[in-house]
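Numbering (the numbering used here), first residue to last: 42 to 585.
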């Protein structure tokens, strides 16, 4: 399972940029705009469809938050705008790519996408990916295949009103290959194949720019459906819907009142039919007085598993050296719905024998430092969490190749940090680390959960940016588990070194090679499922 995540991560860090000058403008055909003003409050983020949808962990490990204070930003330098182009007319930008590669252990990766946009009208694109691996010559049933497809875009319905959305499908095929399978019963249930097929629809409206009343808004809805088919003998289904909204009102340059809200419903049909509904409402006010920052409000959480709670949320910050150093501290309430679809993003071997759906919630008290230099971004954070119904997994006693969800309340002390150095356009490196120390009410250990996770990376560009090299080192502490004999045990340290290099043959064609798990560590991210070991891949990247 870990190998699958590593393949996805390494493939996702490849450059996906391609843009050429299609205007044919002469330098004289430009107008210099000499004044331009923007503020952090007025700035809007461009929506980019992710090439690989990241797995949503039940508890975030780290954040990259280096924005210090919502001060006025002025850009006096000239901005260049083409004159030969029709000022209000459409222009089209296109971008496409195809990546294809293969590995020595019968591994395959194919990725393709295309995007087009028309100024002040629409942008639309599609994305597809196929991944597979087959190592059953060394380990029986160690194989998988993934296929992902997505169509996304947005359309300007009228001035300052856009509609956006995406439709996606995912088809996963898994072959349980638990290492203790040959020691279990002779009924060969462990040989079962599993298909997970999911479909999602997402639709929303928003204003691209603040209204004349300095108000921003966003409203959306989403549907999802997943079928789980184990060896064509038993079927389960996870489906549901959600709605969400956001509204914010700006007062001057430094104060904003905003509110977030959502409602989600999820139903699961397996051995039993179970349901879970959650709703949140979070009004806040954010402002600053000099170098002092304040963001505070209240969070309301409702969950149909029997809890609802109001909790005050506050973050205080003080800027000591502009963007270079900020001290912050705060309290907040968060939650995660332990539905099959959510957990399956990181554990596809989850059992369908689910008796109930439970919401994990926690109240976090934390503080730290963060800042930004010209070549350095950093954040260090530490704190305490009061947790209700934290989810862990253990092997199912009936089907040992699958995992059951179990829950316990308690507390955790944590520390996390991230740092990114960019010494030049040629060389960058950085990493992150998070450590948790759990104190649980009932369970002896945080089963199948690494307590320490870390990553370090380095990237270099050579030969006038024609050769790009990146290396990543992942490190997780060993996981505690209960083996098939009912004995407590612990795996070894999880570490993984990967290296990728790609060379530009032309502006549109590249070749690449990858070394995966170069230290050949036979780690287990989930007990019983170890990686295939070292692998090498090579392929091409065509951008058009």
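Just so it is clear, CB atoms sit at the ideal spot from N, CA and C, and this is done for glycine as well.
| said: Going by DSSP, what residue range makes up the beta strand (DSSP E) through residue 368? | reply: 367-378
| Under 7 Å between C-beta atoms of residue 450 and residue 429 | yes
| query | Just checking my contact of residue 581 with residue 552 at CB under 8 Å: how many whole Å lie between their CB atoms? | reply | 6 Å
| task | With DSSP as the reference, label residue 358 as helix, strand or coil. | result | strand
| query | Using DSSP with H/G/I as helix, E/B as strand and the rest coil, what is residue 383? | reply | Looking at residue 383 - three-state DSSP - the assignment turns out to be helix.
| Contained beta strand (DSSP E) runs [length at least 3] in the stretch 468-548, N- to C-terminal order | 468-481, 493-503, 508-517, 521-523, 529-531 and 535-545
| Going by other Cβ atoms of all chains shown within 10 Å of its Cβ, with 16 needed for buried, is residue 506 buried or exposed? | That one is exposed.
| Using the beta-carbon count (16 or more within 10 Å), is residue 64 buried or exposed? | In this prediction, residue 64 scores a pLDDT of 37, lower than 50, which makes its location untrustworthy; no coordinate-derived value is stated.
| query | Is there contact here, the stretch 235-250 with the stretch 208-221, by at least three beta-carbon pairs under 8 Å? | reply | yes
| task | Can you tell me which of 456, 401, 308 and 250 puts its alpha carbon nearest to the alpha carbon of residue 425? | result | 456
| query | When you compare only the Cα positions, how much space is there between residue 270 and residue 277? | reply | 7 Å
| query | Does DSSP put residue 205 in a helix, a strand or coil? | reply | strand
| task | Taking all protein chains shown into account, decide if residue 537 is buried (16 or more other Cβ within 10 angstroms of its Cβ) or exposed. | result | buried
| Given that a residue counts as buried once 16 or more other Cβ atoms are within 10 Å of its Cβ, and exposed if not, what is residue 467? | exposed
| Cβ separation of residue 321 and residue 388, assumed to be a contact under 8 Å, to the nearest whole Å | About 25 Å; that fails the 8 Å criterion.
| request: Identify, in the order they occur along the chain, each residue of the same chain with its Cβ nearer than 6 Å to the Cβ of residue 255, setting aside the five sequence neighbours on each side. | output: 291
| field | Nearest-angstrom Cα separation, counted from residue 427 out to residue 405 | value | 7 Å
| field | Three-state class that DSSP yields for residue 464 in the structure shown | value | In this structure, residue 464 counts as coil in the three-state DSSP scheme.
| request: Give the range of the beta strand (DSSP E) segment to which residue 419 is assigned. | output: 417-436
| said: If you reduce the DSSP assignment to three classes, tell me which class residue 395 lands in. | reply: The DSSP-derived three-state label of residue 395 is coil.
| request: Taking residue 219 as part of the beta strand (DSSP E), name the residues at either end of that continuous run. | output: Membership of residue 219 in any beta strand (DSSP E) is not indicated, and neither H nor E is assigned to it by DSSP.
| Taking C-beta to C-beta, are residue 18 and residue 491 nearer than 7 Å? | Because the chain here runs from 42 to 585, residue 18 falls outside it and cannot be looked at.
| query | Counting pairs of Cβ atoms below 8 Å between the stretch 258-265 and the stretch 279-286, do you hit three or more? | reply | A contact exists between the stretch 258-265 and the stretch 279-286.
| DSSP three-state call for residue 313: helix, strand or coil? | If DSSP states are grouped into helix, strand and coil, residue 313 belongs with coil.
| said: Considering Cα atoms alone, identify which of 145, 328 and 447 is closest to residue 176. | reply: Answer by Cα proximity: 145.
| task | Within 10 angstroms of the Cβ of residue 546, are there 16 or more other Cβ atoms? Answer buried if so, exposed if not. | result | Per the 10 Å Cβ criterion, exposed.
| message | Taking the beta strand (DSSP E) that residue 164 belongs to, which residues open and close that run? | response | 163-175
| How close, in whole Å, do the beta carbons of residue 369 and residue 417 come, if the pair is a contact with beta carbons under 8 Å? | Not a contact, Cβ separation roughly 18 Å.
| message | Could you tell me the alpha carbon to alpha carbon distance between residue 420 and residue 360, rounded to whole angstroms? | response | 14 Å
| query | If you run the structure through DSSP and keep just helix, strand and coil, what is residue 569? | reply | coil
| field | For residue 390, the residue or residues it bridges with in DSSP | value | DSSP lists no partner for residue 390.
| DSSP-derived helix/strand/coil call for residue 407 | strand
| Hey, would you say residue 414 sits closer than 7 Å to residue 365, going by beta carbons? | Going by C-beta atoms, residue 414 is nearer than 7 Å to residue 365.
| task | Pull up the distance between the alpha-carbon of residue 379 and that of residue 311, whole angstroms please. | result | Using only the alpha carbons, I get a separation of about 15 Å.
| query | Is the Cβ-Cβ distance between residue 184 and residue 216 less than 7 Å? | reply | yes
| task | Using a Cβ cut-off of 7 Å (strictly closer), state whether residue 185 contacts chain C. | result | Looking at the structure shown, chain C is missing, and only one protein chain is on hand.
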